[in-house]
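To start, the structure under review is shown below, and the notes come after it.
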Amino acid sequence: MAIKYELIKVCKQSGARLGKIHTPHGVIETPIFMPVGTQATVKAMTPEELKKIEAQIILSNTYHLYLRPGHKLVEKAGGLHKFMNWDKPILTDSGGFQVFSLGDLRKISEEGVEFRSHIDGSKHFLSPEKAIEIENSLGADIIMAFDECAPYPADRQYVKNSLERTTRWLKRCIDAHKYPERQALFGIIQGGMYKDLRHQSLNEILSFDLPGYAVGGLSVGEPKDLMYEVLEYTTPLMPKDKPRYLMGVGSPDCLIEGVIRGIDMFDCVHPTRIGRNGTAMTSIGRVVIKNAKYAEDFMPLDPNCDCYTCKSYSRAYIRHLFKAGEILASRLVTYHNLHFLLNLMKEIRQAIMEDRLLDYRREFFQKYGYTL
Ligand SMILES: O=c1[nH]cnc2cc3nc(NCc4cccs4)[nH]c3cc12
Numbered sequence: 495m496a497i498k499y500e501l502i503k504v505c506k507q508s509g510a511r512l513g514k515i516h517t518p519h520g521v522i523e524t525p526i527f528m529p530v531g532t533q534a535t536v537k538a539m540t541p542e543e544l545k546k547i548e549a550q551i552i553l554s555n556t557y558h559l560y561l562r563p564g565h566k567l568v569e570k571a572g573g574l575h576k577f578m579n580w581d582k583p584i585l586t587d588s589g590g591f592q593v594f595s596l597g598d599l600r601k602i603s604e605e606g607v608e609f610r611s612h613i614d615g616s617k618h619f620l621s622p623e624k625a626i627e628i629e630n631s632l633g634a635d636i637i638m639a640f641d642e643c644a645p646y647p648a649d650r651q652y653v654k655n656s657l658e659r660t661t662r663w664l665k666r667c668i669d670a671h672k673y674p675e676r677q678a679l680f681g682i683i684q685g686g687m688y689k690d691l692r693h694q695s696l697n698e699i700l701s702f703d704l705p706g707y708a709v710g711g712l713s714v715g716e717p718k719d720l721m722y723e724v725l726e727y728t729t730p731l732m733p734k735d736k737p738r739y740l741m742g743v744g745s746p747d748c749l750i751e752g753v754i755r756g757i758d759m760f761d762c763v764h765p766t767r768i769g770r771n772g773t774a775m776t777s778i779g780r781v782v783i784k785n786a787k788y789a790e791d792f793m794p795l796d797p798n799c800d801c802y803t804c805k806s807y808s809r810a811y812i813r814h815l816f817k818a819g820e821i822l823a824s825r826l827v828t829y830h831n832l833h834f835l836l837n838l839m840k841e842i843r844q845a846i847m848e849d850r851l852l853d854y855r856r857e858f859f860q861k862y863g864y865t866l
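The sequence shown begins at 495 in my numbering and counts up by one.
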């Protein structure tokens, strides 16, 4: 088996689980947050810095790496781990979601998706077979199936047709996958916000015996409560002995609420993206560092944080770096934001171990300023 999921403990207070995913590049303790490294780098971070903050697995995007530098080049380099000097686990998505949201979409057919590159406008075609060929070349430990994520809102018939196509595409991904023994292919459950369609997609996707499954079609603009509701009638029907991955979710409240509803893996561009434009996620809520009120504030970004950024620099200094357009500005706030989320996941794992996750949620929300 490419990966082995070990269920360590189920929380008494909720659907939360503690687990370990054994992969060819090491063990992942779940629940886990995966920093996003779209173009074979977690922007502004070195692999050493990622290890310092105990990142266990990172995500890279197939769409971007196929367009530039090309999956054949990465394969020649010895695969993505070698190319980017990251020897821990990697997960790649299939590129489908990016094509729908980034590339200039030409048309969708049963065969696949024709699109124009967002880089140079050149014409390309992505299909289940092509996506798996690329992911096989990149060599990630976990690879995602080529699916169609329905937009939100979308009418029932559209969502039904889309989930049924996703199921047909999954079969084609499985047949095209060259290395199932060393790259774990995850299926993706769709079905929009419709309970019966979610259950139809569950039955169809789970009919394929795969090492893990993702809940797709969420975090696409729907209200958070609707996302939580969909999880409540989806995750309990997913296998207990396999990892569950909620795609594209990463704000602190959604991470905690997702774990409580039985999710093991998360990814989101949020902490790195907002970090680059000067928004820090701190234990007392968000700090928008370019704000004038921090000009002479010699406190750390987050007084309760023990990360390198918070131990070494003041808000005034980091604000100066942003105002001066210094590259170090992005690096310091990215470093802190990733540490913040990875530390949050560590505290969540500890709370599950001690059967006090709901208490942890209440304490965190009070400090962070969320309403329960
Ligand atoms: O169903 C999905 N299938 C494959 N990839 C995804 C990625 C996803 N990312 C988000 N949300 C985060 C976003 C990132 C950019 C725009 S929304 N939702 C997502 C859903 C899917």
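Virtual Cβ for every residue (Gly too), placed ideally from N, Cα, C.
beta-carbon D469 near ligand 1 non-hydrogen atom, thresh 7 angstroms: Beyond the ends of the chain as shown, which are 495 and 866, falls residue 469; an answer cannot be given.
Close-in-space but distant-in-sequence residues of the same chain around G589 (CB under 6 angstroms, 5 per side omitted): T556, Y557, L620 and A625
Spatial distance of L567 from G633 (CA atoms): 12 angstroms
Distance between W663 and A786 (C-alpha atoms, nearest Å): 52 angstroms
Pairwise C-alpha distance: S695 and I682: 9 angstroms
Among E848, M741 and D735, nearest to H516 - alpha-carbon criterion: D735
heavy atom of ligand 1 below 7 angstroms from V763 C-beta: yes
Cβ contact check for the segment 716-734 and the segment 759-776: 3 or more pairs under 8 angstroms: no
Pick from K503, S508, Q533 and K537 that is closest to N771, judged by C-alpha positions: K537
Coarse secondary structure for H671, derived from DSSP in three states: coil
Any non-hydrogen atom of ligand 1 closer than 7 angstroms to F591 Cβ: yes
Extent of the continuous alpha helix (DSSP H) to which T766 belongs: H764 to R770
Minimum C-alpha distance to G715 - residue among A571, Y854, L740 and Y646: Y646
Exposure label - T540; buried when at least 16 CB within 10 Å: exposed
Coarse secondary structure for H519, derived from DSSP in three states: coil
Whole-number beta carbon distance between G686 and A648, since they are thought to touch under 8 angstroms: 6 angstroms
Beta strand (DSSP E) segment containing F619, residue limits: K617 to L620
Within the segment 670-725, ranges of the alpha helix (DSSP H) (whole runs, at least 4 residues): 689-700
Sequence-distant residues of its chain with Cβ nearer than 7 angstroms to I750 (five each side left out): I842, R855 and F858
C-beta contact flag for L585 and M528 at 8 angstroms: yes
Nearest neighbour of D598, chosen from E658, S611, H519 and H693 [CA to CA]: S611
Three or more C-beta pairs below 8 angstroms linking the segment 662-680 and the segment 634-645: yes
Unbroken stretches of the beta strand (DSSP E), 3 residues or longer, contained in the segment 554-624: 584-586, 598-602, 607-610 and 617-620
Other residues of its chain near R850: CB distance less than 8 angstroms, five sequence neighbours each side excluded: Q507
Given K582 as reference, the closest of L561, I551, M721 and F594 once Cα atoms are compared: I551
The beta strand (DSSP E) enclosing K545, as first and last residue numbers: That residue, K545, is in no beta strand (DSSP E); its alpha helix (DSSP H) goes P541 to K546.
Whether P518 touches D690 by CB criterion (8 angstroms): no
Counterpart residues of A774 in DSSP-defined beta bridges: V781
Whole-angstrom distance between M741 and L501, CA atom to CA atom: 21 angstroms
Any non-hydrogen atom of ligand 1 closer than 7 angstroms to V782 Cβ: no
Endpoints, alpha helix (DSSP H) assigned at E751: P746 to I754
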